[in-house]
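Quick note on the UniProt record's numbering: the sequence shown kicks off at 1 and runs consecutively.
Where is the CB? At the ideal position from N, CA and C, for every residue including glycine.
A quick write-up on the structure given underneath.
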Amino acid sequence: MSFQNPRKTILTKEQLDYFQASKTHADIINFIESLNESVVGLKLRDHCSSSPGVDALLAILDKVELAAREIPPVDNKASRFGNPAFRTFYDKVNEISPSLHESLPGLPKDAIVEVSAYFREAWGSRTRIDYGSGMELNFLCWMLCLERLEVVTKEDHVALVIHVFWRYIQVMRVLQSTYWLEPAGSHGVWGLDDYHFLPFLFGSAQLRGHKYLRPKAIHDSEIVEEVSKDYMYFACIQFINSVKSWDKVNSGMLKMYSAEVLGKLPVIQHFLFGSILPWDGPLLPTPSGEDEDDAHRGHAHTQGGDLGGAGQREVGWGDCCGIPVPSIFGAAQAGEGKAPGPRLGGPNIRPVPFD
1 MSFQNPRKTI LTKEQLDYFQ ASKTHADIIN FIESLNESVV GLKLRDHCSS
51 SPGVDALLAI LDKVELAARE IPPVDNKASR FGNPAFRTFY DKVNEISPSL
101 HESLPGLPKD AIVEVSAYFR EAWGSRTRID YGSGMELNFL CWMLCLERLE
151 VVTKEDHVAL VIHVFWRYIQ VMRVLQSTYW LEPAGSHGVW GLDDYHFLPF
201 LFGSAQLRGH KYLRPKAIHD SEIVEEVSKD YMYFACIQFI NSVKSWDKVN
251 SGMLKMYSAE VLGKLPVIQH FLFGSILPWD GPLLPTPSGE DEDDAHRGHA
301 HTQGGDLGGA GQREVGWGDC CGIPVPSIFG AAQAGEGKAP GPRLGGPNIR
351 PVPFD
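Structure representation (structure tokens):
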């Protein structure tokens, strides 16, 4: 296999339609479904076998968190938006990424350029200092690429969810609270969580068939506190009470992920295609003189009256990048008059605008 540096390809509604019917799209959905089914009825603290590949992934995540702990936020009291120190963190992770990937057992050295692109983009946007489901998708694709390259296998799926993916969520919570990452979307993303989707999908799988816990249990603070160490859903939940069973929650989350993440142009126009996750649809000419650090590189929008590519007229917010929204951590601590930091708490936590 000839590896390559993945690039953004999807710009039009027609290309999005093609992607949704492609093998790469099917491979991503199949991977999600397999991970989902692997954790039905399991707790986060349940024992599962751990392969050398899984252990190596966990070690990498520990090093990413360490990098964040060593790079504190800068004094940014005048703004509730993303802290510029995130860019220093991003650059540090990008710097150590090759050596981190060299530690993965069995990973071909020439594959690092391709696999590491998904890893690099899993932590947030360096330019916009924001984070959303597209970055979460990059982490999922990182794991999928490593499975394709046999660093991990299907037998590792339980560990990939309850150990590796959950560790990633824990690291992301540190980044979100330390650097006040803005939600990549101006209405609280899905209304479940400002940043994440997959913990709700995998978390509802954990609860499928549970004898006692029902969706309405999320309203009981004592129950939530008691079981949050075992179930992703309760660890992440804000609210959900519109369905009667965990089977419906789980199946609905799977359909929602396919439609609202893999099926939305503002998210998928940032998806990276390479040789492992290939694009075999129609290509548009690559604009000359693109700036790698341009926040709008590789996609169109409606600014200045330019409707951009087909499909951008339909995204709802006009500008595909949305309206900048302060981090919930920034909003909360601005109300308390505190400097940026990794802790979230207090009575002054306010709703994010448009949430």
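With respect to CYS48, ILE162 sits close: the two C-beta atoms are nearer than 8 Å. Look at the beta carbons and you see the stretch 261-278 touching the stretch 136-155: at least three pairs across the two are nearer than 8 Å. Assignment of PRO52 by DSSP, reduced to helix, strand and coil, places it in the helix class. Note that the C-beta distance between PRO105 and GLY53 is below 8 Å.
Between ARG7 and LEU272, the C-beta gap is smaller than 8 Å, which places the two residues in contact.
DSSP places ASP62 within a helical segment (H, G or I) once states are collapsed to three.
Linking LEU57 to PHE200 through their CA atoms gives a straight-line distance of about 22 Å. Nearest to ASN5 by C-alpha distance, out of ASP91, ILE112, LEU11 and GLU14, is ILE112. With fewer than 16 other beta carbons inside 10 angstroms of its own, MET1 counts as exposed.
PHE273 sits in a strand when the DSSP states are folded into three classes.
Inclusion of LEU198 and LEU160 in the CB contact set at 8 Å is not warranted, their separation being larger than that value. The residue from ALA59, ARG173, MET253 and ASN76 with its alpha-carbon nearest to that of SER103 is ALA59. Per the coordinates, the alpha-carbon of GLU37 lies some 45 Å from the alpha-carbon of LYS77. TRP166 is the residue among PRO73, TRP166, SER177 and SER22 whose C-alpha sits nearest the C-alpha of LEU35. DSSP places ARG173 within a helical segment (H, G or I) once states are collapsed to three. Judged by pairs of C-beta atoms under 8 Å, the stretch 253-264 does not touch the stretch 222-237, as fewer than three such pairs exist. Separation of ASP130 and ARG120 (C-alpha to C-alpha, rounded to the nearest whole angstrom) is 14 Å. For ASP130, the three-state secondary structure derived from DSSP is strand. With fewer than 16 neighbouring CB atoms inside 10 Å of its own CB, ALA21 falls in the exposed class. Rounded to the nearest whole angstrom, the C-alpha separation of TYR90 and LEU137 is 18 Å. Ranking LEU11, TYR18 and LYS43 by CA distance to the CA of ASP230 puts LYS43 first. Here PRO84 carries a coil assignment [DSSP, helix/strand/coil].
With 16 or more other CB atoms across the displayed protein chains lying within 10 angstroms of its CB, GLY124 is buried.
DSSP places ASP17 inside the alpha helix (DSSP H), whose first and last residues are 13-20. Taking the Cβ atoms as the reference, PRO215 lies roughly 6 Å from VAL249, within the contact range of under 8 Å.
In this structure, the beta-carbon distance from VAL40 to GLY281 does not fall below 8 Å. For HIS270, the closest C-alpha among the options ILE29, HIS196, ASP247 and ALA117 is that of ALA117.
Rounded to whole angstroms, the separation of the alpha carbons of GLN176 and SER228 is 19 Å. Leaving aside the five residues that flank SER258 on each side, the residues in its chain whose CB is nearer than 8 Å to its CB run, in chain order, ILE29.
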